[in-house]
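Counting from 1 along the sequence shown, just add 91 to a position and that's the residue number in the numbering used here. Here the structure is laid out as structure tokens; the discussion comes afterwards.
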Amino acid sequence: MIETKRLILRPFLESDAADAFEYLKEPMVNCFACMKLNSLEEARTEMQKRVGEKEYYFAIVLKENGKVIGEIDAYPEAANPKEKAVVLDTFSPCWMLNKDYQGKGYAYEAARAFFDYLFREKGARRIYAYTEDYNSSSQRLCEKLGMRREGMFMEFVSFVNNPNGTPRYENTIQYAILKKEWSK
């Protein structure tokens, strides 16, 4: 569990289904389209799957009332998977916040605490994030966290289809920060 001034980051509970369904019934950006839930029953099933995730996948919870307003996760990756002794020191976090709680600094507060946790507790050397070129709020969050913009991948990936059924490719921006930069 990670605690901030206004938030608690903790593993999901089965009882979080209704709160999670609020933001997963209509994900705001296409990269989360695969996470879309169509019913409260689907949300309950999803929460049962998430209950075992205790190290890298957290619900973002308001301290004042216990409401789950989003989620943040990142799993360790190898910097160079071809090396014989693989070091899992690179993380690519994803964050999602209920639209009713955006613009209040919660995403920054959660991400800052989570990054600190990854660098200090989980041995992160590098944290990088992808964001769509149209997702300016996520870009601002990356910059506020001290991440540098490393580049734009044109028509990088497709998460949804166009009305005619062809893939809709998205331009994706990559941001990153190193542990030595975070420590400053």
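Virtual Cβ for every residue (Gly too), placed ideally from N, Cα, C. The structure presented is a predicted model; accordingly, all values stated were derived computationally and were not measured.
With a 10 Å radius around its C-beta and 16 neighbouring C-beta atoms as the bar for buried, classify residue i as buried or exposed.
i, result
"residue 191", "exposed"
"residue 161", "buried"
"residue 225", "exposed"
"residue 189", "buried"
"residue 122", "Below a pLDDT of 50, predicted positions are generally treated as unreliable, and residue 122, at 49, falls in that range; no measurement from the model is reported."
"residue 245", "exposed"
"residue 261", "buried"
"residue 211", "exposed"
"residue 141", "buried"
What would DSSP say about residue i, mapped onto helix, strand or coil?
i, result
"residue 131", "helix"
"residue 260", "strand"
"residue 249", "strand"
"residue 103", "coil"
"residue 113", "helix"
"residue 97", "coil"
"residue 137", "helix"
"residue 241", "strand"
Which same chain residues, not among the five before or five after residue i, have their C-beta less than 7 Å away from its C-beta?
i, result
"residue 208", "93"
"residue 238", "220, 266, 267, 268"
"residue 98", "151, 152, 153, 154, 197, 200, 201"
"residue 233", "220, 222, 266"
"residue 101", "92, 149, 150, 152"
Among the residues of its own chain, which have a CB less than 8 Å from the CB of residue i, if the five just before and after it don't count?
i, result
"residue 139", "105"
"residue 235", "199"
"residue 217", "170, 180, 181, 182, 267, 268, 269, 270"
"residue 135", "105, 108"
Could you name the residues of the same chain whose beta carbon sits closer than 6 Å to that of residue i, not counting the 5 residues immediately before and after it, in chain order?
i, result
"residue 278", "No answer is possible for residue 278: it lies beyond the span of the chain, which begins at 92 and ends at 275."
"residue 242", "265"
**Request:** Please determine if the stretch 157-170 and the stretch 183-199 are in contact, where contact requires at least 3 C-beta pairs separated by less than 8 Å.
**Result:** yes
**Asked** What beta strand (DSSP E) runs, 3 residues minimum, are completely inside the stretch 154-234?
**Response** 159-164, 167-169, 179-182, 185-188, 217-223
**Asked** Should the stretch 244-261 be regarded as contacting the stretch 227-235, the criterion being three or more beta carbon pairs within less than 8 Å?
**Response** no
**Asked** Touch check for the stretch 149-160 and the stretch 126-135: three-plus C-beta pairs under 8 Å?
**Response** no
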